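Numbering (the numbering used here), first residue to last: 113 to 467. By construction, the Cβ of each residue, glycine as well, lies at the ideal position given by its N, Cα and C atoms. All values derive from a computational prediction rather than experimental measurement. Take a look at the structure below.
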Ligand SMILES: NC(=O)c1ccc[n+]([C@@H]2O[C@H](COP(=O)([O-])OP(=O)(O)OC[C@H]3O[C@@H](n4cnc5c(N)ncnc54)[C@H](O)[C@@H]3O)[C@@H](O)[C@H]2O)c1
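Here's what the structure looks like:
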């Protein structure tokens with residue numbers, strides 16, 4: 113029930129029309145629907161609300177494949193909720209994988225991240241290059257991969273998709289992602305504000321292409337990558353510097369100005385990534401969306417929502433803002449567990465409307 117999951121559900125339903133698809137999510141952002149005419153989960157057979165930290169292993173009985181997306185999903189949240197990030201992203205992922213293997217699940221797909229390369233000079237990073245995770249979030253992805261590597265067998269095939277940074281329109285849009293932020297600024301106020309000096313490298317991937325990669329990983333055989341595979345997931349053509357992304361948005365949307373913060377502290381996260389292995393192993397599931405289409409898709413989606421909030425960096429399109437607001441209202445406790453599971457959720461959250 114997150115940004116990527118809302119897109120993946122539809123892709124899996126189209127790819128496997130007769131499969132029984134089950135969702136599982138704590139629902140932090142379930143209410144953050146962005147222009148969806150229909151709840152995205154209606155294409156699933158069932159949807160559980162539950163916490164990964166307390167998942168019932170019985171749910172995995174009879175399951176063929178697990179696509180594991182649930183996480184505290186970026187650096188700012190990881191910095192604010194470091195211990196919880198470790199519990200959910202790393203320890204609960206390891207437990208889930210053990211439960212899955214014990215239950216006879218045959219494929220396990222993990223949403224990992226290229227952010228584990230951190231700051232990397234000297235050309236695009238390959239899968240066996242040294243990792244340099246700089247944040248709690250990135251460290252959680254490394255730790256999970258290390259456990260998954262040990263658990264994988266020929267009967268429990270594990271694919272860790274080291275995704276580039278996501279972009280694109282979703283039924284649960286996030287605007288705390290670089291390209292989405294730029295398009296939102298352009299649509300709302302004809303202005304793109306780059307918070308860094310614009311030089312960091314950031315590979316991107318469209319969420320529809322992430323879903324395509326997941327579809328591949330669910331079916332991956334031993335002969336294409338072995339029992340455990342960690343693979344950079346994106347395309348070599350999508351390694352951009354942040355300022356190039358801003359300029360591409362300004363070129364696609366008329367009358368938009370770009371401002372760069374020349375005094376910004378250097379962004380420590382900068383990496384180019386080599387996606388050749390993914391191209392070799394998954395020739396029929398390669399990214400298809402180009403940058404111009406991604407920008408146009410976001411623009412169209414935002415316009416259809418009537419989006420005009422120049423202050424969106426303080427809105428519920430930012431994952432950290434949602435969690436922080438829930439904490440302030442007492443709806444989530446300090447472990448980010450629902451404090452009041454039943455009655456008062458809408459009352460408590462409703463008292464502090466979004467600006
Ligand atoms: N968005 C990106 O650029 C990107 C890039 C690389 C990897 N990833 C990974 O892809 C996955 C999905 O990312 P997203 O962008 O959709 O993020 P998101 O924050 O929109 O979605 C994450 C989902 O996980 C759920 N969740 C969190 N803690 C949970 C718990 N304890 N129990 C059950 N559910 C829980 C949330 O409710 C949310 O629906 C994450 O693992 C993320 O690290 C994302």
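Considering only 185, 206, 207 and 208, the residue with the shortest C-alpha distance to residue 197 is 185.
Taking 7 Å as the cut-off, the C-beta of residue 185 counts as close to a heavy atom of ligand 1.
Within the chosen limit of 7 Å, ligand 1 reaches the beta carbon of residue 289 through at least one heavy atom. Across the structure, residue 270 and residue 264 are spaced so that their CA atoms are roughly 6 Å apart. Apart from sequence neighbours up to five positions away, the residues of its chain that approach residue 134 with a beta-carbon distance below 8 Å are 156, 157, 158, 159, 160, 171 and 175, ordered along the chain.
Between residue 180 and residue 128, the CB-CB gap reaches or exceeds 8 Å. Ligand 1 has no heavy atom closer than 7 Å to the beta-carbon of residue 130.
Approximately 6 Å separates the beta-carbon atoms of residue 145 and residue 283; this is inside 8 Å, confirming the contact.
Between the C-alpha atoms of residue 335 and residue 183 there is a straight-line separation of about 30 Å. In chain order, 212, 217 and 220 place their CB closer than 6 Å to the CB of residue 178, counting only its own chain and leaving out the 5 sequence neighbours on each side. Counting only unbroken stretches of 4 or more residues, the alpha helix (DSSP H) elements lying wholly within the segment 359 to 399 are 388 to 393, in sequence order. Straight-line measurement puts the Cα of residue 414 at about 35 Å from the Cα of residue 392.
Distances taken from the Cβ of residue 323 to the heavy atoms of ligand 1 include none shorter than 7 Å. Around the beta carbon of residue 137, 16 or more other beta carbons lie within 10 angstroms, which makes this residue buried.
The beta carbon of residue 430 is closer than 7 Å to those of 287 and 288 in its chain, skipping five residues each way along the sequence. Per DSSP, residue 249 is one residue of the alpha helix (DSSP H) stretching across 248 to 263. Annotated as distal: residue 326 and residue 280, with beta-carbon spacing of 8 Å or more.
With a threshold of 16 other beta carbon atoms within 10 Å, residue 371 falls short and is exposed.
The C-alpha of residue 452 is placed about 45 Å away from the C-alpha of residue 311.
Burial state of residue 257 is buried, judged by a 10 Å Cβ sphere holding 16 or more other Cβ atoms. Shortest gap from the CB of residue 234 to any heavy atom of ligand 1: 7 Å or more.
The C-alpha of residue 395 is placed about 28 Å away from the C-alpha of residue 114. Counting the other Cβ atoms within 10 Å of the Cβ of residue 445 gives fewer than 16, which makes it exposed. For the segment 153 to 237, the full-length beta strand (DSSP E) segments reaching 3 residues or more read 158 to 161, 177 to 180 and 219 to 225 along the chain. Annotation for residue 438: the continuous alpha helix (DSSP H) segment containing it runs 431 to 441.
DSSP places residue 274 in no alpha helix (DSSP H) but in the uninterrupted beta strand (DSSP E) bounded by 269 to 275. The residue among 338, 352, 305 and 230 with its C-alpha nearest the C-alpha of residue 262 is 338.
Per DSSP, reduced to three states, the secondary structure at residue 353 is strand. The Cβ-Cβ distance between residue 300 and residue 418 does not fall below 8 Å. Put simply, of 353, 331, 246 and 268 the residue whose alpha carbon is nearest the alpha carbon of residue 228 is 246. Around the beta-carbon of residue 223, 16 or more other beta-carbon atoms lie within 10 Å, marking it buried. Residue pairing of residue 316 in beta bridges, as defined by DSSP: 277.
One Cα belongs to residue 214, the other to residue 267, and the distance between them is close to 11 Å. In the three-state scheme derived from DSSP, where H, G and I count as helix and E and B as strand, residue 339 is classed as coil.
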